[in-house]
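Residue 234 is where the sequence shown starts when you use the numbering used here, and the numbers rise one by one after that. For each residue, glycine too, the CB sits at the ideal point set by N, CA and C. Here the structure comes first, spelled out in structure tokens, and everything after it is commentary.
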Amino acid sequence: MIGVDVDGNTVLLVNVDDHIYAYAEACPHQKSRLSEGSLTGKTLRCARHHWEFDVCAGRGVNPQNACLKALLVALESRDILLDLDHARSPEAAAERENQQ
Ligand code: FES
Numbered sequence: 234m235i236g237v238d239v240d241g242n243t244v245l246l247v248n249v250d251d252h253i254y255a256y257a258e259a260c261p262h263q264k265s266r267l268s269e270g271s272l273t274g275k276t277l278r279c280a281r282h283h284w285e286f287d288v289c290a291g292r293g294v295n296p297q298n299a300c301l302k303a304l305l306v307a308l309e310s311r312d313i314l315l316d317l318d319h320a321r322s323p324e325a326a327a328e329r330e331n332q333q
């Protein structure tokens, strides 16, 4: 899990079982940097107030109604390609999760 700056946007990249997920770096609670939190399996825990998220689905675990802002991401050879203009819907993330 790492936070990176891409064209002035801070992006969280997470690798879970060789699948890359990309999210806006800001916690939906109070905008803390998610990369400063911890990752256990597919559960990201925000360092500040300990909200937890399923990074494969982009949804909150605690609280469940929280949602990460998912970004479109693709791998091409060894490059990570990000589409910063189009967010990935939670439904698409859940569908991807179900396909794995
Ligand atoms: S800022 Fe992340 S849980 Fe509060």
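Under DSSP, ARG292 forms a beta bridge with ASP287, CYS300. Non-local beta-carbon contacts of ALA307 in its own chain, meaning distances under 6 Å to residues more than five positions away in sequence, involve LEU314 in chain order. Counting along the chain, ARG321 sits inside the beta strand (DSSP E) bounded by residues 312-321.
Cβ-Cβ distances below 6 Å link ARG281 to SER265 in the same chain, with the five nearest sequence neighbours on each side left out; the list follows chain order.
With fewer than 16 other CB atoms across the displayed protein chains lying within 10 angstroms of its CB, PRO296 is exposed. In terms of Cα proximity to LEU305, the closest of ASP240, ILE235, LEU246 is LEU246. Ordered by chain, the residues meeting the criterion of a beta-carbon within less than 5 Å of a non-hydrogen atom of the ligand FES are CYS260, HIS262, GLN263, SER265, CYS279, ARG281, HIS282, TRP284.
Look at SER265 here: in three-state DSSP terms it is coil, with no helix or strand label.
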